[in-house]
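Encoded as structure tokens, the structure appears first; notes follow it.
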Amino acid sequence: MSKLYIDVGSTYFKIKDSNEIRQYFRNFDKNIALDLEEKCSSVIERYSKDDILICSSANGGLSTLIVGLTNSFSLKYATNIAYNSGINIIDTVLYPNIKEYPIPTDLIDVVIVTGGIDSVENIFDTDLLEYLQRLNYSNIVYCGSSANVEYLQKSIKNIKILPNIITDKLHVKEDDLKEYLTNLYQADIIGKEDIKELYKITSNQIYSTPYIVNQTLSNLHKNFCDVVDPFILVDIGGATTDIHYSTDLVADNMVLEGGYDRLVFKKLGVYKSRESLVFSAKNNEFVYELLNYLNVTENILDEKSEEATKVLMQLSIFLVLYKVSAQHKGYITLHLERLKSIVFTGGITKVLSDEDIESIMHFVYKKILGYTQIPVVVVDKAYEIWTLR
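For reference, each letter of the sequence shown is one residue, going 1 to 389 in this note's numbering.
Quick look at the structure:
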């Protein structure tokens, strides 16, 4: 018998039944399991628990704060690994200046502390402990010099100790921290009470949607013949915008092994994080030129209409590509000039035409980046990539 695929998103349920994909707008006044049952019980009842596969992107990712000894190595390495693990970095703290940093007021999902090669001692002292006491966080992990482990274990309750991310030759060693952060992200999803209830209908592990998508990328060519390496996949949803990319496209070559990684932009969703998307747009130096290019005024950003939603989706494409381009230094820089194709999926596929997307690509590549050609645009019109496992 065929499988039933269910994706729990921040705005919609998506189900694939007998090669047909349907979407249902979530009722946020009800828990996920009850809402899903009311909308899809007639379909779910036709499948055994073994044949129901569920993934979820409803939590929007984890927030993290990184404390590092230097910008050149510990902060840079830890930031790179965190972004590759789908983690949202809310701040980075340079340890020698830790007393000068403000204390974030929001709950932080995980604090990363790192710095020094294994032979360096006495890096961290009471300045770190006093800073942490003022933070509101759920998890803390240390991945710096092994010479400081004993002091931190005695001083910080429930700290997770991992091998140093900096080798003695000052290279990045990413595997242990990346695995920890990925597992933490996964645990956050399946730990949600609403998500736990879904195990009543499936006997399979519930995975994060981005994890499932990353597993499909190496075989994407089989389903989309226009996809040519190197490519990136942009998933624009209600709460976040994600980029899945080949590690070969990373400009600073910090990732040692090949494969695919993911960047999540928690504040670039079109529905649940609409206000933060508009804020990012209004504070970008190129956006007003882009709006003029699209023949709309800046007033469109404050409207609630179908046209405004369309423009916001176009802006999210622009902003996420801008943030990973050489024009912007806040995130991992990707070699966008190397792209042969770019794949779009998520809610964007229901609103924008190929022409709408390509017009933004022309603006980004020709106006902002100064390239003469754009990659081939491939649109996952059926929104099926998350089912190709």
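C-beta: ideal position from N, C-alpha, C; glycine also.
Once the 5 residues before and after residue i are set aside, which same chain residues still bring their CB inside 8 Å of it?
{"i": "Glu307", "result": "Val296 and Ile300"}
{"i": "Leu135", "result": "Leu65, Ile103, Pro104, Ile108 and Val111"}
{"i": "Leu132", "result": "Val111, Ile140 and Ile156"}
{"i": "Phe363", "result": "Leu290, Tyr293 and Phe318"}
{"i": "Tyr260", "result": "Asn214, Leu217, Ser218, His244, Tyr245, Ser246 and Thr247"}
When DSSP labels each residue in this structure, what does residue i get in the three-state scheme?
{"i": "Arg274", "result": "helix"}
{"i": "Thr240", "result": "coil"}
{"i": "Ser41", "result": "helix"}
{"i": "Ser119", "result": "coil"}
{"i": "Glu20", "result": "strand"}
{"i": "Lys49", "result": "helix"}
{"i": "Tyr137", "result": "strand"}
{"i": "Lys381", "result": "coil"}
{"i": "Lys157", "result": "coil"}
{"i": "Thr114", "result": "strand"}
{"i": "Ser74", "result": "helix"}
{"i": "Tyr83", "result": "helix"}
{"i": "Ile166", "result": "strand"}
{"i": "Val172", "result": "strand"}
{"i": "His221", "result": "helix"}
{"i": "Leu392", "result": "Examination of residue 392 is not possible in this model, given that the chain is present from 1 through 389 alone."}
{"i": "Asp188", "result": "helix"}
{"i": "Phe124", "result": "coil"}
{"i": "His328", "result": "coil"}
{"i": "Val255", "result": "Low per-residue confidence applies at Val255: pLDDT is 48, beneath 50, and the placement is therefore not dependable enough to give any value."}
{"i": "Lys200", "result": "helix"}
{"i": "Thr297", "result": "coil"}
{"i": "Pro102", "result": "coil"}
{"i": "Lys30", "result": "coil"}
{"i": "Asn97", "result": "helix"}
Name the DSSP bridge partner or partners of residue i?
{"i": "Asp91", "result": "Leu65"}
{"i": "Asp7", "result": "Lys14 and Cys55"}
{"i": "Leu233", "result": "His244 and Val343"}
{"i": "Leu263", "result": "Ile243"}
{"i": "Phe25", "result": "Tyr12"}
{"i": "Ile108", "result": "Tyr137"}
{"i": "Ile368", "result": "Per DSSP, none; premise fails for Ile368."}
{"i": "Ser316", "result": "Beta-bridge pairing links Ser316 to no other residue."}
{"i": "Ser208", "result": "Ser56"}
{"i": "Leu334", "result": "Val250"}
{"i": "Val142", "result": "It should be noted that the sequence gives Tyr, not Val, for residue 142. In the DSSP output, where bridge partners are listed per residue, Tyr142 has Val113 and Ile161."}
{"i": "Val376", "result": "Ser341"}
Taking just the CA atoms, how far does residue j sit from residue i?
{"i": "Asp35", "j": "Asp194", "result": "10 Å"}
{"i": "Tyr293", "j": "Phe286", "result": "11 Å"}
{"i": "Arg22", "j": "Ser145", "result": "51 Å"}
{"i": "Val379", "j": "Asp356", "result": "11 Å"}
{"i": "Lys366", "j": "Asp106", "result": "39 Å"}
{"i": "Val376", "j": "Ile87", "result": "29 Å"}
{"i": "Lys381", "j": "Ser218", "result": "19 Å"}
{"i": "Lys304", "j": "Arg274", "result": "10 Å"}
{"i": "Asp302", "j": "Val278", "result": "8 Å"}
{"i": "Thr309", "j": "Gly116", "result": "47 Å"}
{"i": "Tyr199", "j": "Phe25", "result": "21 Å"}
{"i": "Val8", "j": "Phe28", "result": "12 Å"}
{"i": "Ser48", "j": "Lys196", "result": "18 Å"}
{"i": "Glu38", "j": "Asn80", "result": "42 Å"}
{"i": "Asp118", "j": "Ile348", "result": "47 Å"}
{"i": "Val255", "j": "Ile232", "result": "Residue confidence for Val255 is low, a pLDDT of 48 falling below 50, so the modelled location carries little weight; the figure read from the coordinates is stated next. Taking the straight line from one Cα to the other gives about 16 Å."}
{"i": "Leu128", "j": "Ser72", "result": "20 Å"}
{"i": "Cys40", "j": "Lys350", "result": "21 Å"}
{"i": "Leu369", "j": "Thr70", "result": "30 Å"}
{"i": "Tyr418", "j": "Glu179", "result": "In the structure displayed, the chain extends from 1 to 389; residue 418 sits before or after that span and is not available."}
{"i": "Gly346", "j": "Asp354", "result": "14 Å"}
{"i": "Leu94", "j": "Thr216", "result": "37 Å"}
{"i": "Gln314", "j": "Val43", "result": "34 Å"}
{"i": "Arg6", "j": "Ile206", "result": "The sequence shown places Ile at residue 6, rather than the Arg named in the question. If I take the Cα positions, the gap works out to 10 Å."}
{"i": "Glu358", "j": "Ser341", "result": "12 Å"}
{"i": "Asp51", "j": "Thr202", "result": "8 Å"}
{"i": "Lys329", "j": "Asn284", "result": "14 Å"}
Short of 7 Å in beta carbon distance, which residues of its chain neighbour residue i, apart from the five on each side in sequence? Order them along the chain.
{"i": "Ile161", "result": "Tyr142, Val149 and Gln153"}
{"i": "Leu339", "result": "Pro230, Phe231, Ile232 and Pro375"}
For residue i, I'd like the list of residues in its chain whose CB is within less than 6 Å of its CB, leaving aside the five on either flank, ordered along the chain.
{"i": "Asn19", "result": "none"}
{"i": "Asn204", "result": "Leu53"}
{"i": "Tyr371", "result": "Glu337 and Tyr365"}
{"i": "Val113", "result": "Val67 and Tyr142"}
Exercise. Examine the Cβ distances between the segment 223-231 and the segment 170-179 and report whether three or more of them are shorter than 8 Å.
Key: no
Quiz item: Pairing CB atoms from the segment 10-19 with CB atoms from the segment 377-388, are three or more of them under 8 Å?
Solution: yes
Exercise. Would you be able to state if there are at least three C-beta pairs under 8 Å between the segment 315-333 and the segment 236-246?
Key: yes
Exercise. Say whether the segment 66-76 touches the segment 88-96, bearing in mind that this needs 3 or more beta-carbon pairs closer than 8 Å, one atom from each stretch.
Key: yes
Quiz item: Does the pairing of the segment 203-211 with the segment 42-62 give three or more beta-carbon distances under 8 Å?
Solution: yes
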